Amino acid sequence: MSEPTLLSALDEGVLTLTLNRPAKLNAIDHTLAAALLDALQAAADDPQVRVIRLCGQGRAFCAGRDLGAPPTERDLELVQGVALAIVRHAKPVLAAVHGWTVGAGFEWAMDADVVVAADDARFKLPEASLGVFVTGGLVATLPAAAGLPRAKALMLLGEAFDAGQAVDWGLVHRAVPRAQLDEVSMATCRQLAALEPAVVARYKRVLNAVGLGRFDRAIEEESHATRALTAAPPPGA
């Protein structure tokens with residue numbers, strides 16, 4: 035029997051969800067996105083879960099969407115469903131990232147409430163160069179974190195950047211040696227888990243209402259842009 039594409043473990047209120055396609059650098063396919071969305075929705079109703087930690091198995095956090103198959107309308111719905119579930123979740127979500135954190139994988143990390151990165155993390159937004167549009171609410175989250183000019187440059191130029199730069203630009207809470215990522219991210223999750231859930235939920239709701247008040251609009255506009263680019267004829271046609 036093949037390994038599940040998503041691993042789940044609950045430890046003292048911290049639910050760790052691990053993307054588990056290491057041979058593909060955890061690239062997102064239909065099955066992985068659907069499993070993650072289901073797990074996030076189930077966690078919302080589980081009183082044992084106080085914090086969610088999102089990780090990646092193997093050499094990378096997530097290499098973005100799996101380019102082995104053309105994207106479908108359902109793929110778009112699932113990727114955006116995960117983004118909405120993370121942002122709207124009453125429970126805090128921490129992304130612990132390492133290695134390549136690319137495209138939609140980076141978008142999901144930016145949807146999280148706290149990001150802790152290993153010092154080997156490398157980030158990249160290649161969508162513009164591939165002729166596709168971002169989909170995970172990034173047009174809201176990235177300008178909110180880094181400012182509009184830097185967000186435009188990162189999305190349009192698609193240049194890779196490292197964990198130190200991500201910290202300097204406000205995209206990541208802190209960077210730690212790779213060997214310490216699990217320990218530090220779990221310790222941070224336990225700090226969050228020790229807080230009163232109702233207080234955490236209220237902070238998250240109000241902060242997102244003010245700081246990401248147009249997140250739903252961002253998802254809508256990204257959907258329109260994605261469909262428009264998909265329907266457009268290739269250059270020279």
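Reading the sequence shown from the start, the letters are residues 35 to 271 in the numbering used here.
All C-beta atoms, glycine included, are put in the ideal place defined by N, C-alpha and C.
Remember, it's a predicted structure, so these values are computed and weren't measured experimentally.
Cross-strand partners of Phe167 (DSSP beta bridge)
Phe167 is bridged by DSSP to nothing; it lacks a bridge partner.
Selected residue, minimal CA-CA separation from Pro38, among Asp45, His64, Glu46 and Glu141:
The candidate whose alpha carbon is nearest that of Pro38 is His64.
Beta strand (DSSP E) segment containing Asp45, residue limits
Where Asp45 is concerned, the enclosing beta strand (DSSP E) stretches over Leu40 to Asp45.
Stretch pair the segment 90-110 + the segment 125-143: three plus CB contacts closer than 8 Å:
Counting C-beta pairs closer than 8 Å gives three or more between the segment 90-110 and the segment 125-143, which meets the contact rule.
Among Trp142, Leu128, Ala197 and Val127, which has the Cα closest to the Cα of Ile62?
Closest option to Ile62, judged by alpha-carbon separation, among Trp142, Leu128, Ala197 and Val127: Trp142.
Between which two residues does the beta strand (DSSP E) harbouring Gly90 extend?
That run of the beta strand (DSSP E) goes Val85 to Gly90.
What whole-angstrom Cβ distance do Phe140 and Phe157 have, given they're in contact under 8 Å?
In this structure, Phe140 and Phe157 form a Cβ contact; the two beta carbons are roughly 5 Å apart against a cut-off of 8 Å.
Beta-carbon contacts of Ala146 that lie in its chain and below 8 Å, excluding the five residues immediately before and after
The answer, listed in chain order, is Leu88, Ile120, Val127, Leu128 and Ala129.
Could you tell me the boundaries of the alpha helix (DSSP H) in which Val233 lies?
Looking at the DSSP string, the run of the alpha helix (DSSP H) that includes Val233 is Pro231 to Gly245.
Does the segment 70-88 come within contact of the segment 47-57, defined as at least 3 CB pairs closer than 8 Å?
At 8 Å Cβ cutoff, the stretches touch.
Cutting at 6 Å between CB atoms, please list the residues of its own chain near Ala271, excluding the five before and the five after it.
Note that Ala271 scores 44 on pLDDT, short of 50, meaning its location in the model is unreliable; the coordinates nonetheless yield the value given after this. Nothing meets the Cβ criterion.
Spatial neighbours of Leu66 within its chain, please: C-beta separation below 7 Å, excluding the five flanking residues on both sides.
Taken in chain order, the residues that qualify are Thr39, Leu40, Leu53 and Arg55.
Where Glu190 falls, given that 16 or more other Cβ within 10 Å makes a residue buried
One point to set straight first is that residue 190 is Leu, not Glu, in the sequence displayed. Its Cβ having fewer than 16 others within 10 Å, Leu190 is exposed.
When you compare the CB positions of Ala162 and Ile253, do they come within less than 8 Å of one another, or not?
Contact flag unset, no.
Alpha carbon to alpha carbon, how far is Ala174 from Leu159?
Between the alpha carbons of Ala174 and Leu159 lies a distance of about 15 Å.
So, under 8 Å CB-CB, Val148 and Thr222 are touching, yes? Tell me the CB distance rounded to an integer number of Å.
For a cut-off of 8 Å, the C-beta gap from Val148 to Thr222 is around 6 Å, short enough to register as a contact.
Examine the Cβ distances between the segment 229-247 and the segment 174-189 and report whether three or more of them are shorter than 8 Å.
The segment 229-247 is in contact with the segment 174-189.
Contact check, Pro211 vs Asp250, beta carbons under 8 Å
The answer is no: Cβ separation not under 8 Å.
Residue from Ala262, Ser257 and Leu263 with nearest C-alpha to Gly115:
If you compare the alpha carbons of Ala262, Ser257 and Leu263 with that of Gly115, the shortest gap goes to Ser257.
Own chain residues within Cβ distance below 7 Å of Arg184, not counting five before or after
Within the same chain, Arg184 has close Cβ partners Trp203.
Best match in Lys125, Leu70, Arg208 and Gly137 for proximity to Leu188 [C-alpha to C-alpha]
Comparing alpha-carbon positions, the option among Lys125, Leu70, Arg208 and Gly137 lying closest to Leu188 turns out to be Gly137.
Can you name the start and end residues of the alpha helix (DSSP H) that Leu51 belongs to?
If you look at Leu51, you'll find it isn't in any alpha helix (DSSP H); it sits in the beta strand (DSSP E) that goes Val48 to Leu53.
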